[in-house]
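Asks:
Numbering (our numbering), first residue to last: 1 to 878.
Printed below as a string of C-alpha cells:
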C-alpha cells in the first residue's frame, strides 16, 4: 500500500497521546480528550499497566484507539498530551518534538518537570488526577454527551489516581469531577471491580516474596516500610504491589525497589508524609510522579543502595512528629486554689477560655471548667474558694509527648486540657482545640496548600519585594539565628496574593524589645524606639526603612470599644487577637526556616474564597473600627465580608453603643477609605452596613452627597490635585457639609485631627453654609481663600449652594490666586506719597482693580499716580 492509499485515520493531522507505562488515569484522560478534540486520533502507548491492558482489549475498537506504529507521523500538525508534561515520557512519539510547525497542547496534573513539553495551550495545574482536568474542560463545552461506558472509564481514572478520593493530593476539583461523571452514568460497581480486579500472577508472586521481609520501621513518629527484592523477569504494575503492601501493613508510606531480570531496578513510593516530597527519595535516578506517588528506574543499581539512600534522605528531611511543646499555649493563665469563684468567672470572661488550671503554691493542683463555675454560682457559691469545686485529678504531660499520646489521653480520661511540664515547672497547656487544630492543619488539602505555598514564598519574596528590603529581611533572619522569628500581617497576606507591601511587622515569642536592639546593632546608624508596656519597638534604619518588632502578646477588652489589656503569649495567641483571618498568616524568616508559611486560622481557605472572616464573634463590639477596615479590604482586595461576619458587624453597629464615637483609630481607617480614587463605593458600603452612624448619628448618605463626592474626584483631577496627600480632607468636608457647623466641627475634633485642620474645616463649613458677608471686598475674599489649602477649595466649590461663593472660588482658582502686585510702598514713596495708612488703601484699590481685570501689570504705577493725583487730599496722612 502506498502513502496515498493509506486510510485517512492512519495519517491524521491531530493525535491524542499519553505517557509510556500508561495507567488508569492516563487512560481516563485519553478517553475524555476525544470529546475535546473530536478530529484527533487517540493513540495507545506500547506499554500499559495490567488494568489498562485489559480495558484496551475490550474498548479498543469502540474508542477508535490506534497504536503509534499504525500512524504516518509525517502528517501530524497537532499533538494533545494528557497525564504528563515530561518529554522523557513521550516514548515513540518523541521525534515529533523536532518537527517545526507542530502544535503541542498539554493537560497535566503533575508538578513542573525539568524537561517540560513546549507550548502554552491546555491546562497544567495540580490536581489529584489528569482525568479531572479533562472533566473541567468538558464542563465548559455547550454540549458534551458522554456514553455511560466513557463516564465509567473516566471515573476509574480519577478513583485510581486519588485512592478513591482519599489520597492527600486529592482536591475539591477531583471530587466535583467524579460527581459530574456519576451524573452522566458512571458505574461505580464496575469501577470498584476494575480497581479490585486482583493482582496478576507476577505481581502476586512478588508480593509473596516481599511479605516475609516487610518489617515496618518507625521514624519521627511515622510508620514506614522500605523493602526490596530481586526477580528473574520484568514485573509490570509495581505501584499496585506497593498499594497492597500499604493497605496490608497499615503504614504511612511504602518504598519498594525491585531488581528485575533485565538488570533494571524499578522503584515506587506511595504514602503521605508531611513536608516530604517522595520524588526526592529517588533524586539520583530522575524521578517522576507526585509528592505522594513517585517512581523511577535505573540500570545496575542494587535495590539495597536505593533503600539506603531513601532512608538517609528521610532521616534528614522528615519533620519530627508534632509534640506537646509544638502545640501548647504559653504562658499559662492560672488561678490560685484559694481565689474566690467570682474571680475565676471574671478571669474566664476576660480571656474567653472555657477553663483554667488551678495552682497551689505555684504548682498545678487541678482544673476548673466554666460549666462547673456557672453551676457553683447558681448555688450561691460565688464567694467560696475555687478549690472546693475544682477537679483535683490532674493529668500532666511532658514537653515531648506526641500528638497521638495527647489525643489518646484526652479521649481515655475525657479531659479537655493538659498542662505541659518541664521537670517540675508548668511551661504550657494543650487543649482540645489545639488537638483539633493540629489535626486540621495536617489534613491533606490544607497541608498540600500550605506546603505548596511554603516552597514558593522565598521565590515570591524575590519576585515582589525590592532588593534592598529583601536584604534587610535576610539580615534580620541572620540576627535571629535559630530563634523562631516571624513576619506577620499585611506583608505576608499580600505576598500570598502576589502584591508588594513593605509594612513590615516582626513577631518573636521572646523579648521583642531586646530583639529590636539586636537588629539595630546589625545595621549601622539604626535607631530603636521602644514601648515597654506593650513589649513593642520600632527600628528605623539609616535610610528611613522602618521595622515594627513585637513580643507575641494577647489582649482582652474590659468593655465594648475600650483599649485592650495586654499580656505576653505565644505566636498562635498573638495572631488570634487580630481582626480578620487573612491577616493571621505568619512567615518564618529565621535561619533554616526562611519561607515557612504558618496558617492557624484557615486564612488560605478564606483567601481562596475571597472572604473576610472575623476570628471572634464579638470582634466588632470590641473594636468597631474594624468595620471601616473591612470595607477598605473589600474594595482594595476584591474580598467580601462572609455572611456571619457581616451579621456580627450589623449587630454591633445596630446597638447604638458606638454612635458618634469614631476617634483617632477610626480617623486613620476613614482617611484610607477617603483617599481611594473614588470614595463613593466605600461610603455606599458603610451606609449599607449602618456604619456611618459610627462617625455621626446625624450623617445622611443622600444622592446629593454622593454626587458631590463623585464630582470631587473629577474636579481634583482637573485642578491637578489627585495626588495631594490631604485630598481625603476635602472628601470629609463634603461628607459632613450637610451637618450643622457645630456637629461637623465636633466630628473633626473626635477624629483627633490636627488643630489647624479642625480650624480650616470649621471655617470651610461656615463659608459653605453662610458664604461671605455682602460687604466683603474682592481683595478680602482673595486673601481669605489664599489662607485655605487647595483641597478645601474643592469642598467649598462643591459643598455650597450659594452661587456667589461658587463664583468667588472659581474666579480665585482660575485667576485671582495668580495675581500679585509688582509694586510696593517703595514705589508709592518714589511717587511722592507721604508714608501712612494711605499706602494700604492705595495698594488695596490697585489689587481690586487688578482682580477686576481693569488694570494690567504694566499699568500699575500709572494707576497709583493717577489715584494719588485724584484722591491724595482725601486720604489720611501719617
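Using N, Cα and C, we set each Cβ at its ideal position, and we do this for glycine too.
None of these values were measured; they are calculated from a predicted model.
Mind checking whether residue 429 and residue 502 have CB atoms under 8 Å apart?
Replies: Against a cut-off of 8 Å, the Cβ pair of residue 502 and residue 429 comes out as no contact.
Asks: Please name the residue in 422, 733, 21 and 666 whose C-alpha comes closest to that of residue 331.
Replies: Of the candidates 422, 733, 21 and 666, the one whose C-alpha sits nearest the C-alpha of residue 331 is 422.
Asks: Note the first and the last residue of the continuous alpha helix (DSSP H) segment covering residue 801.
Replies: Neither: residue 801 is in no alpha helix (DSSP H) and is coded neither H nor E.
Asks: Ignoring anything shorter than 3 residues or poking outside the stretch 492-565, list the beta strand (DSSP E) runs there in chain order.
Replies: Counting only runs of 3 or more, we get 504-508, 527-531, 536-540, 546-551 and 553-556.
Asks: Based on Cα-Cα distance, which residue from 134, 83 and 41 lies nearest to residue 20?
Replies: Selected option, being the one with the closest Cα: 83.
Asks: Taking the continuous alpha helix (DSSP H) assigned at residue 286, which residues delimit it?
Replies: Premise fails: residue 286 is in no alpha helix (DSSP H) and is neither H nor E.
Asks: Pick helix, strand or coil for residue 29, following the three-state DSSP scheme.
Replies: The answer is helix: DSSP assigns residue 29 an H, G or I state.
Asks: Might you give, ordered along the chain, the residues of its own chain that have their beta carbon closer than 8 Å to the beta carbon of residue 855, omitting 5 neighbours on each side?
Replies: Cβ within range, chain order: 846, 849 and 863.
Asks: Taking C-beta to C-beta, are residue 27 and residue 153 nearer than 8 Å?
Replies: Yes. Within cutoff.
Asks: Would you mind stating whether residue 879 and residue 579 have Cβ atoms separated by less than 8 Å?
Replies: Because the chain in this structure spans residues 1 to 878, residue 879 falls outside the shown range and cannot be described.
Asks: Just to confirm, is the Cβ distance from residue 158 to residue 192 under 8 Å?
Replies: No, they are not a contact pair.
Asks: Can you find the residues in the same chain that come closer than 8 Å, C-beta to C-beta, to residue 397, ignoring five residues on each side of it along the sequence?
Replies: Result list for residue 397: 324, 405, 406, 409, 418, 419, 420, 421 and 430, in chain order.
Asks: Between which two residues does the beta strand (DSSP E) containing residue 336 stretch?
Replies: Taken as a continuous stretch (DSSP letters only), the beta strand (DSSP E) holding residue 336 covers 334-336.
Asks: For residue 567, name the three-state secondary structure that DSSP assigns.
Replies: Model confidence at residue 567 stands at a pLDDT of 47, short of 50, so the residue's coordinates are unreliable and nothing is read from them.
Asks: Pairing CB atoms from the stretch 97-112 with CB atoms from the stretch 120-128, are three or more of them under 8 Å?
Replies: Short answer: they touch.
Asks: Can you give the Cα-Cα distance for residue 24 and residue 134, rounded to whole angstroms?
Replies: Near 14 Å, if we compare the C-alpha coordinates of residue 134 and residue 24.
Asks: Using DSSP bridges, identify the partner residues of residue 118.
Replies: According to DSSP, which records beta bridges pairwise, residue 118 is partnered with nothing at all.
Asks: Grouping DSSP H, G and I as helix and E and B as strand, with all else coil, what is residue 110?
Replies: Three-state result, residue 110: coil.
Asks: Alpha carbons only, please: which of 507, 319 and 15 is nearest the one belonging to residue 37?
Replies: It is 15 whose Cα lies nearest to the Cα of residue 37.
Asks: My output table needs one value for residue 486: the three-state DSSP class, helix, strand or coil.
Replies: Of the three classes helix, strand and coil, the one that applies to residue 486 here is strand, per DSSP.
Asks: So residue 649 and residue 689 are in contact, right, with Cβ under 8 Å, and what is the actual spacing, rounded?
Replies: Confirmed, Cβ separation roughly 6 Å.
Asks: Could you give the C-beta distance for residue 203 and residue 235, rounded to a whole number, given that I count them as a contact under 8 Å?
Replies: Residue 203 to residue 235, Cβ: 6 Å. Contact.
Asks: Counting only runs that start and end within the stretch 640-671, where is the beta strand (DSSP E) found for 3 or more residues in a row?
Replies: As far as the stretch 640-671 is concerned, it has no whole beta strand (DSSP E) run of at least 3 residues.
Asks: Taking the alpha-carbon of residue 645 as reference, which of 612, 425 and 29 has the nearest alpha-carbon?
Replies: The shortest C-alpha separation from residue 645 is found at 612.
Asks: Please identify the residue among 712, 460 and 334 whose C-alpha is closest to the C-alpha of residue 366.
Replies: Answer by Cα proximity: 334.
Asks: Name the one or two DSSP bridge partners that residue 271 has.
Replies: BP columns for residue 271 point to 253.
Asks: Should residue 835 be labelled buried (16 or more other beta-carbon atoms within 10 Å of its own) or exposed?
Replies: Residue 835 comes out exposed.
Asks: Bridge partners for residue 297 per DSSP, in chain order?
Replies: The partner list for residue 297 (beta bridge, DSSP) reads 266.
Asks: How many Å lie between residue 668 and residue 757 at the Cα?
Replies: Between residue 668 and residue 757, the C-alpha separation is close to 15 Å.
Asks: Going by the beta-carbon positions, is the gap between residue 541 and residue 515 smaller than 8 Å?
Replies: Not a contact, by the Cβ cut-off of 8 Å.
Asks: By a C-beta neighbour count over all protein chains shown, 10 Å radius and 16 as the cutoff for buried, is residue 602 buried or exposed?
Replies: It is buried - the Cβ of residue 602 has at least 16 other Cβ atoms within 10 Å.
Asks: Whole angstroms are fine: how far does the CA of residue 316 sit from the CA of residue 588?
Replies: Roughly 20 Å separates the two Cα atoms.
Asks: If you run the structure through DSSP and keep just helix, strand and coil, what is residue 45?
Replies: Coil.
Asks: Kindly confirm or deny that the stretch 651-658 and the stretch 689-700 touch, where touching means at least three C-beta pairs closer than 8 Å.
Replies: With the cut-off at 8 Å, the stretch 651-658 and the stretch 689-700 touch.
Asks: Runs of 4 residues minimum, wholly inside the stretch 671-709: which ones carry the alpha helix (DSSP H) assignment?
Replies: Taking only runs of at least 4 residues, the alpha helix (DSSP H) segments lying wholly in the stretch 671-709 are 680-689 and 692-695.
Asks: Could you have a look at residue 785 and say whether DSSP puts it in helix, strand or coil?
Replies: Looking at residue 785 - three-state DSSP - the assignment turns out to be helix.
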